[in-house]
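Numbering follows this note's numbering, in which position 120 of the sequence shown is assigned residue number 132; successive positions increment by one, without gaps. Here the structure comes first, spelled out in structure tokens, and everything after it is commentary.
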Amino acid sequence: MKELINKLICERTLTEEEFAALIDARGQVRAYAIEQARQTAQSSFGNKIYIRGLIEMTNYCKNDCYYCGIRRSNRNCARYRLTQEDILACCDAGYPLGFRTFVLQGGEDGAYSDADLCAIVSAIKARYPDCAVTLSLGERSRESYQRLYDAGADRYLLRHETADEAHYARLHPASLSLANRKRCLYNLKEIGYQVGSGFMVGSPYQTSQNLAADLCFIRALSPQMVGIGPFIPHHDTPFAAMPGGSLELTVFLLALLRLMLPHALIPATTALATISPDGRKQGILAGANVIMPNLSPADTRKDYSLYDNKACMGEEAAEGLAALKAQMREIGYEIVCARGDYEG
Ligand code: SAH
């Protein structure tokens, strides 16, 4: 199995069968992958960690993904949407803290027209020309992605969630398709966005073969960013009683992604920090190099509830940046004030 990791380091890819075999490895093999991934990240980024201010702009969503707490059918979700003014106030709070990337994430909320979203993006870029704007607003038409790019958006996050058609259909209603997700991701790349994809680890019905397919899809797409985190059940969804994903498998997959994509921007995600008090540290030590503290207005954070017990206080909060810096320093890393663009 160690040979497979060495092959991955040399060739930056494996066959799907090799990935599947590797994903089932335990103990020493995982530890070796993590050690190598940490060194790879250090060769690319030194001890630098980039931060992104996450602004959860709306929890209205027209979709009904079975895993997600803000799905349309969840009547217990208190819905909110932020105005342009609210969003700019979040940026005003984040800039002096050192944030140079703002990530606007939300459900698929038809209340914002393309013109509204373009106005928000261009207002942020006008006020903070030295900052990057990342969007994470789900599936849209190619024309819409183009308008947002022309308005100044730099990056787009859209996880493919699972690269297996049959598995995709067990996580989503029939109105959503893997084919359309992929169409979106390739459109975004063609337009010129820095693109992020990714998946949940331990989502219901997921197999090692599915994860191997995820790694192969990511290899083929070659995104600039990859976000993965453990699946965490939300009590008001059809998957309430399903088991969550594990810290160990998530950290191992982070390491494999780092070995595949030495220069990619890979966050230690909020979901990882939520399932374990040292999830974030373990993610960084396995090759992650980005953290996305929450910059949403304090009173809306609890309502952007994708899964139960979401961490949004302490080190996961923008106001907790000093604590986060201290935590990173303990393991020898330094949070920097920079856009942190992809440099391949
Ligand atoms: N509507 C946007 C933003 C989605 S929320 C979009 O479609 O891209 C961001 C990510 O949270 C999702 O891509 C999904 O992978 C993750 N997520 C949703 N529910 C989750 C859960 N129960 N546990 C862990 N991650 C979850």
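Ideal Cβ placement from N, Cα and C applies to all residues, glycine included. These numbers were taken from a predicted model, which means no experiment stands behind them.
Asked	Found
Cβ-heavy atom distance, residue 45 to the ligand SAH, below 6 Å	no
Near the ligand SAH: residue 243 beta-carbon under 6 Å from a heavy atom	yes
Separation of residue 78 from residue 357, as counted between CA atoms	The requested residue 357 does not occur in the structure, where the chain is confined to residues 13 to 356.
Cβ-based neighbour list, residue 264, same chain, cut-off 6 Å, excluding 5 preceding and 5 following	42
Candidates 85, 106, 86: closest to residue 329 by CA position	106
Residue from 300, 306, 341 whose Cα sits closest to the Cα of residue 52	300
Segment contact flag, the stretch 221-240 with the stretch 49-69, C-beta cutoff 8 Å, min 3 pairs	no
Residue 350 CB to nearest heavy atom of the ligand SAM below 6 Å	Annotation note on the ligand SAM: not contained in the displayed structure, which lists the ligand SAH as its ligands.
Beta-carbon spacing of residue 278, residue 213 below 7 Å	no
Straight-line Cα distance separating residue 288 from residue 152	34 Å
Close Cβ partners of residue 28 (< 7 Å) along its chain, the five nearest in sequence each way excluded	224, 225, 228
Under the three-state DSSP convention, the category residue 300 falls into	coil
Host alpha helix (DSSP H) of residue 272 (start-end)	259-272
Residue 212: CB within 6 Å of a non-hydrogen atom of the ligand SAH	yes
Inter-residue spacing [alpha-carbon to alpha-carbon] between residue 159 and residue 137	15 Å
Residue 79: CB within 6 Å of a non-hydrogen atom of the ligand SAH	yes
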